[in-house]
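Counting with UniProt numbering, you get residues 1 to 337 for the letters of the sequence shown.
Just below is one structure, and these are the notes that go with it.
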Amino acid sequence: MEDTVRMLYLSRSDVAAVGGEHSDLYVGALRDGLIAHARGETVQPLKPYLRTDGPGGHIADRIIAMPAHVGEPGMSGIKWIGSKHDNPTREGKERASALIVLNDPATKYPVAVMEGSLISAWRTAGVTCLAARHLAVSGFTDVSLVGCGLIGSTQATALLQQFDHITTVHLYDVNQDAANALSERIMREHPNVKAVVAGSAEDAVGQGDLVVPCTVTDKPYITFSWLKRGALLCNVSIMDVHKDVFLGADKVVVDDWEQSNREKKIINQLVLEGSFSREQLHAELGEILAGERPGRDNDDEIIVLNPMGMAVEDIACAGEVYRRAAESGTGTWLSLY
Ligand SMILES: NC(=O)c1ccc[n+]([C@@H]2O[C@H](COP(=O)([O-])OP(=O)(O)OC[C@H]3O[C@@H](n4cnc5c(N)ncnc54)[C@H](O)[C@@H]3O)[C@@H](O)[C@H]2O)c1
């Protein structure tokens, strides 16, 4: 009996070995997971934030518990993700660290524990890729990234893997070394792509068909007038955009309305002030992927996606990693007892 109670441990290199460092795994698993979410085939309690530094603490210093169940092919689990904004500068470590625990939906027993921040970064980029396919101008050429840390860098890699029509990546970071390093890497790995370090955030944002802020700021700086007509803004780091961006956009899309309308994030502030509501929301992303709501209608629309980041995404992707690892004999089986 005891021998059968076991779970698979996957380190980051195990996750990478089964395709966890390529956007294809994520784009496929996310499409299924987000459509399941739109169809009500997921369970996703609101995520609690564990903050221990008092009211003056940095917005990016927290540990978040993110549980979810995805109905098809059937997986439950939780991502437990820590974040400390100055880990990169003070500790030389990535900002975020995470474990994902997967549970068998039938017995509720844990079946896997895996390193989770690789999956987290890539699934975030995968959501942008899916959004770009449905909400960006077709054949878009210019991508603007503000914030060139791990998340910005993964977004660049995934977008360049998925869209060979990208010709130019505009980069801005308050730390110019970070922007320069990403620019050099992009041009080394993609000799046909120009990666230009912009002189300001406004300069970068204004040139993007697809604009992706990936900073750790809590002070909005992107205003609606910076965006060019036809832009898609994927608001990955959530607090970068002024309220007028949501109010001026032709379409506002979220991953999940309940998750977006809380914690005093910008959408929640607008709702509390009475200037935005569920009725003004164009769609949740899964509804667009499922064909239940339209994506982009013309090349002039300015569209904003507010991707809070969902446990459903993590569990859908981790489930795919687990299935591939179990099938290929990757990782280490551990006895639970
Ligand atoms: N929405 C989601 O699903 C999701 C998922 C994962 C991470 N995130 C968010 O992505 C963000 C980036 O994470 P990371 O791990 O890359 O962090 P990081 O610390 O590695 O990188 C952040 C970069 O942003 C730069 N920066 C900070 N403030 C800036 C500003 N005002 N203007 C320009 N550059 C600025 C920093 O110099 C740094 O290079 C975090 O806010 C995180 O919460 C969102």
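For glycine and all other residues, C-beta sits at the position ideal for the given N, C-alpha and C.
Being a predicted model, the structure only gives us computed values, none of them experimental.
- Burial state of residue 120 is buried, judged by a 10 Å Cβ sphere holding 16 or more other Cβ atoms.
- Around the beta-carbon of residue 22, fewer than 16 other beta-carbon atoms lie within 10 Å, marking it exposed.
- The DSSP assignment places complete alpha helix (DSSP H) segments of no fewer than 4 residues inside the UniProt domain "Ig-like" (191 to 230) at 201 to 205, in order along the chain.
- In this structure, residue 289 places its C-beta atom within 8 Å of the C-beta atom of residue 34.
- Inclusion of residue 309 in the 7 Å shell around ligand 1 follows from its C-beta lying nearer than that to a non-hydrogen atom of the ligand.
- Membership of residue 332 in the beta strand (DSSP E) is indicated by the continuous run 332 to 335.
- In the structure shown, the three-state DSSP call for residue 5 is coil.
- For the segment 11 to 83, the full-length alpha helix (DSSP H) segments reaching 4 residues or more read 12 to 15 and 23 to 38 along the chain.
- Per DSSP, reduced to three states, the secondary structure at residue 114 is strand.
- DSSP, reduced to helix, strand and coil, places residue 153 within a helical segment of the structure shown.
- Residue 243 carries a helical assignment under DSSP once its states are collapsed to helix, strand and coil.
- From the listed residues 18, 73 and 83, the smallest Cα separation to residue 50 is found for 83.
- Of all C-beta pairs linking the segment 36 to 55 to the segment 153 to 164, fewer than three are shorter than 8 Å, placing the two stretches out of contact.
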